[in-house]
Amino acid sequence: MKDIVRQKIGINVDVMDLLNEQIAKEAHSAAVYLAMASWCDHNGLIYSAEFFYKQSYEEREHMLKIFKFINENGGTAYSPEVSNINHDFNSLQEIFETALDQEIQISKSIHNIVTKCRKVMDYGTENFLQWFIQEQMEEENQFRRILEMFDLMGTDGIALKLIDERVKHVE
Amino acid sequence: MNLLYKTYYFSSYQCDQRRCFYIDFGHKQVKLSFCQLLALRQKVQTIDIASHFDKDLNYSGIEIITLCNREHLFVFDTLQVMDLKQLLKATFGILELNSLVLH
Numbered sequence: 001m002k003d004i005v006r007q008k009i010g011i012n013v014d015v016m017d018l019l020n021e022q023i024a025k026e027a028h029s030a031a032v033y034l035a036m037a038s039w040c041d042h043n044g045l046i047y048s049a050e051f052f053y054k055q056s057y058e059e060r061e062h063m064l065k066i067f068k069f070i071n072e073n074g075g076t077a078y079s080p081e082v083s084n085i086n087h088d089f090n091s092l093q094e095i096f097e098t099a100l101d102q103e104i105q106i107s108k109s110i111h112n113i114v115t116k117c118r119k120v121m122d123y124g125t126e127n128f129l130q131w132f133i134q135e136q137m138e139e140e141n142q143f144r145r146i147l148e149m150f151d152l153m154g155t156d157g158i159a160l161k162l163i164d165e166r167v168k169h170v171e
Numbered sequence: 172m173n174l175l176y177k178t179y180y181f182s183s184y185q186c187d188q189r190r191c192f193y194i195d196f197g198h199k200q201v202k203l204s205f206c207q208l209l210a211l212r213q214k215v216q217t218i219d220i221a222s223h224f225d226k227d228l229n230y231s232g233i234e235i236i237t238l239c240n241r242e243h244l245f246v247f248d249t250l251q252v253m254d255l256k257q258l259l260k261a262t263f264g265i266l267e268l269n270s271l272v273l274h
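What follows is the structure, given as structure tokens:
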């Protein structure tokens, strides 16, 4: 019997399912960052707002990268539904902690897909995901550096304004 | 045509010559490209079978599924949905096994 599946698709079908789940996670992240940007904008933290608008754009780019990868390799990418976005936050520090937790979850999810790729010998997708592993390390470090500012400078009055101004220099 | 898997209600086949798949739904046989088979798998996978046992979530206990860009429309009861889930899971399992054997 011919291997029609392999002729039609370059990636493992189970890995494709995980990539589709990852698309939904990246879309969710993009929406969460927009909510954070909105909160910052309303609270006069303009540089943090700009930072989260940029983060949201990057998450959407990650989503599109995976989306196109699936379709280009014969699979079917599914446009995700995004719901359950929290818009209520108590402080800027809470926002950055939430953002770091979110990035850690995304990293774990990527690692989980890489593990699956190795198990089913889908080396093409594993190679594709290497870029995401590096990217996630950079993203996590970015949030860690910002949270360190809160440890050093505190969270009240002028400290908050100074942190907001320094956020734009963190890359 | 090669039989891939057979359940109580349905069976799946692969046609090497036409490089496509067939699903026999009992009263009707449907030709599917790989892409269409993937789409059916996605639709069936996302059906919440638990909702069939909750009158508030699924009062009638049926699912309406369209196939091949709405060329076909099927109405399945709970047992048929469970059967279809099993068919597609096993079909893709056989296809993966075939790929492992050939390479």
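Heads up: the sequence lines are chains F and S, in that order.
Under the numbering used here, the first residue of the first sequence is numbered 1, with each subsequent residue one higher.
Under the numbering used here, the first residue of the second sequence is numbered 172, with each subsequent residue one higher.
All C-beta atoms in this analysis are idealised placements derived from N, C-alpha and C, irrespective of residue type, glycine included.
Residues from the region 62-90 of chain F in contact with chain S, defined by Cβ distance under 9 Å:
G74, G75, T76, Y78
What span of residues does the beta strand (DSSP E) with T237 (chain S) cover, start to end?
Numbered from its first residue, the second sequence carries residue 237 (chain S) at position 66. Start and end: 233-238.
Can you look up S79 (chain F) in the DSSP assignment and give me helix, strand or coil?
One-based indexing of the first sequence puts residue 79 (chain F) at position 79. Reduced to three states, the DSSP call for S79 (chain F) is coil.
Could you please give me the residues that DSSP links to L247 (chain S) through a beta bridge?
As a position in the second sequence, residue 247 (chain S) is number 76, starting the count at 1. As written in the sequence, residue 247 (chain S) is Phe, which differs from the Leu given in the question. Paired residue(s): S:E234.
Listing by chain order, which chain S residues have their CB less than 9 Å from the CB of K119 (chain F)?
Working through the first sequence from its first residue, we reach residue 119 (chain F) at position 119. Here the premise fails: no neighbours, minimum Cβ distance about 12 Å.
K202 (chain S) - DSSP class collapsed to helix/strand/coil
Start at 1 with the first residue of the second sequence, and residue 202 (chain S) comes out as number 31. In this structure, K202 (chain S) counts as strand in the three-state DSSP scheme.
For A30 (chain F), does the count of other Cβ atoms within 10 angstroms reach 16, so buried, or fall short, so exposed?
Residue numbering aside, residue 30 (chain F) sits at position 30 when the first sequence is read from its first letter. So A30 (chain F) counts as buried.
On the premise that K2 (chain F) lies in contact with D187 (chain S), defined as a C-beta separation below 8 Å, what is that separation, rounded to the nearest angstrom?
Stepping through the second sequence from its first residue, residue 187 (chain S) is reached at position 16. Stepping through the first sequence from its first residue, residue 2 (chain F) is reached at position 2. So it is a contact: roughly 4 Å between Cβ atoms.
N-terminal and C-terminal residue of the alpha helix (DSSP H) that A96 (chain F) is part of:
Residue mapping note: residue 96 (chain F) aligns to position 96 of the first sequence, counting from 1. The question names Ala, but residue 96 (chain F) is Phe in the sequence shown. Counting along the chain, the alpha helix (DSSP H) containing F96 (chain F) begins and ends at 92-119.
Give me the subset of the region 5-33 of chain F whose CB atoms are less than 9 Å from a CB atom of chain S, sorted by chain position.
V5, R6, Q7, K8, I9, N12, V13, D14, M16, D17, N20
Tell me, please, which residues DSSP counts as bridged to F192 (chain S).
In the second sequence, residue 192 (chain S) corresponds to position 21, counting from 1. For F192 (chain S), which the question treats as bridged, DSSP gives the partners S:Q185, S:L203.
Taking only beta-carbon positions, decide if L255 (chain S) is within less than 8 Å of chain F.
Here residue 255 (chain S) refers to the residue found at position 84 when the second sequence is read from its first residue. By this cut-off, L255 (chain S) is not an interface position.
Contact between the region 134-144 of chain F and the region 158-168 of chain F: three or more CB pairs below 8 Å?
no
Helix, strand or coil for L45 (chain F) per DSSP?
Working through the first sequence from its first residue, we reach residue 45 (chain F) at position 45. In the structure shown, L45 (chain F) sits in coil (DSSP, three-state: anything other than H, G, I, E or B).
Going along chain F, which residues have a C-beta under 9 Å from A210 (chain S)?
Within the second sequence, numbered from 1, the residue matching residue 210 (chain S) stands at position 39. Residues of chain F passing the Cβ test: T76.
Helix, strand or coil: how does DSSP classify K8 (chain F) here?
Your numbering for residue 8 (chain F) matches position 8 in the first sequence. Residue state, collapsed to three classes: helix.
Grouping DSSP H, G and I as helix and E and B as strand, with all else coil, what is Y179 (chain S)?
In the second sequence, counting from the first residue as 1, residue 179 (chain S) sits at position 8. It is coil, neither helix nor strand.
Using DSSP with H/G/I as helix, E/B as strand and the rest coil, what is L228 (chain S)?
Along the second sequence, read from residue 1 onward, the residue named residue 228 (chain S) stands at position 57. DSSP places L228 (chain S) in coil when its eight states are reduced to three.
Distance, V252 (chain S) Cα to R190 (chain S) Cα:
Looking up residue 190 (chain S) in the second sequence gives position 19. Looking up residue 252 (chain S) in the second sequence gives position 81. One C-alpha to the other measures close to 26 Å.
Any C-beta of chain F under 8 Å from that of L266 (chain S):
Here residue 266 (chain S) is taken as the residue at index 95 of the second sequence, counted from 1. It does; some Cβ of chain F falls within 8 Å.
Please report how far the alpha carbon of Q136 (chain F) lies from the alpha carbon of H87 (chain F), in whole angstroms.
For the purposes of this step, residue 136 (chain F) is taken as the residue at position 136 of the first sequence. For the purposes of this step, residue 87 (chain F) is taken as the residue at position 87 of the first sequence. Approximately 24 Å, taken between the alpha carbons.
Pick from F:D122, F:R6, F:M121, F:S79 that is closest to F205 (chain S), judged by C-alpha positions:
As a position in the second sequence, residue 205 (chain S) is number 34, starting the count at 1. When only C-alpha atoms are compared, the closest one is F:R6.
Could you check where the alpha helix (DSSP H) with F132 (chain F) kicks off and where it finishes?
On the first sequence, position 132 is the one that residue 132 (chain F) refers to. From DSSP, the alpha helix (DSSP H) with F132 (chain F) extends over 123-153.
For Q22 (chain F), is the classification buried or exposed, using 16 other Cβ atoms within 10 angstroms of its Cβ as the cut-off for buried?
Residue mapping note: residue 22 (chain F) aligns to position 22 of the first sequence, counting from 1. Answer is buried; the Cβ neighbour count reaches 16.
Classify W131 (chain F) as buried or exposed, calling it buried when 16 or more other Cβ atoms lie within 10 Å of its own Cβ.
Locating residue 131 (chain F) in the first sequence gives position 131, counting from the first residue. Looking at its Cβ environment, which holds fewer than 16 other Cβ atoms inside 10 Å, W131 (chain F) is exposed.
With a Cβ-Cβ cutoff of 8 Å, do A27 (chain F) and V82 (chain F) count as a contact?
Position 27 of the first sequence, counting from 1, holds the residue named residue 27 (chain F). Position 82 of the first sequence, counting from 1, holds the residue named residue 82 (chain F). Yes.
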